[in-house]
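Chemist: Before we start, here is the structure in question, set down as structure tokens.
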Amino acid sequence: MPRCSWCSQDPLYIAYHDEEWGVPLRDPQRLFELLLLEGFQAGLSWITVLKKRERYRAVLWHFSAERLARMSDAEIEERLQDPGIIRNRLKLRAARQNAQAWLRLDDPVALLWSFVADTPQINHYASLAEVPSVTPAAEAMSKALRKAGFSFVGPTICYAFMQAAGMVMDHTLDCPRHAQLAHATH
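Using the UniProt record's numbering, the letters of the sequence shown map in sequence onto residues 1 to 186.
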């Protein structure tokens, strides 16, 4: 099956592309996990994070915002010794900070989806070169999340999050997932 050009032949990446990326996601737990993972990805490739996702789930209490919000400095230091995750102190502290900010939001799902008027935006790009890395909606999301106390949520991270969570659907036209998801959301 042809796929978006960014998808390598790695079976994990193929499964992610075929089953997750661009599928509208409204589960608060999974959205929170995805937002943190996108922050962990900053400066790295997504496949790097994807390969470490299961270990992150194990050491970060399955991305429980309630538990992450209480993560102590000692627990952060302990996790920095784990070679199964990206060992970056700033990113782990941001995970705690973001969990605290998440818990302060009245309705995080509604807030996140408000940047696309609660409707997946179906784009029609012929090639990866046409897909933007930032949009005004992602800039607005970044600004709102920063104001709410989040970090590692710049506009590029927010747009990647929006793509992954199906808020925007950026599978290219030559990818069979484009037609499948465009049809499923209308």
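Positions of the beta carbon are idealized from the N, C-alpha and C atoms, including for glycine.
1) Kindly provide the ranges of any beta strand (DSSP E) runs that are 3 or more residues long and lie completely inside the segment 90–174, ordered along the chain.
2) Give a yes or no on contact between the segment 138–153 and the segment 120–128, applying the rule of three or more CB pairs nearer than 8 Å.
3) Quick check: V49 and L37, are their CB atoms within less than 7 Å of each other?
4) Can you have a look at R67 and say buried or exposed, based on whether 16 or more other CB atoms are within 10 angstroms of its CB?
5) When DSSP labels each residue in this structure, what does L36 get in the three-state scheme?
6) Whose CA, out of A129, S114, L128, lies closest to the CA of A138?
7) F40 to D27, Cα distance in whole Å?
8) Less than 8 Å between C-beta atoms, sequence neighbours within five positions excluded: which residues of the same chain meet that for D10?
9) How far does the alpha helix (DSSP H) with V23 in it extend, from its first residue to its last?
10) Let me know the secondary structure DSSP gives I14 once reduced to three states.
11) For S8, I'd like the list of residues in its chain whose CB is within less than 7 Å of its CB, leaving aside the five on either flank, ordered along the chain.
12) Using DSSP with H/G/I as helix, E/B as strand and the rest coil, what is A69?
13) Can you tell me the Cβ-Cβ gap for T156 and C4, rounded? I've got them flagged as a contact below 8 Å.
14) Relative to the C-alpha of Q97, which candidate in D73, F161, D107 has its C-alpha closest?
15) In angstroms, rounded to a whole number, what distance separates the CA positions of M167 and D174?
Modeler: So, from the listed chains and residues:
1) none
2) no
3) yes
4) exposed
5) helix
6) S114
7) 20 Å
8) I47
9) Counting along the chain, V23 falls outside any alpha helix (DSSP H), and DSSP gives it neither H nor E.
10) helix
11) I47
12) coil
13) Rounded, the Cβ-Cβ distance is 18 Å, inconsistent with contact.
14) D73
15) 20 Å
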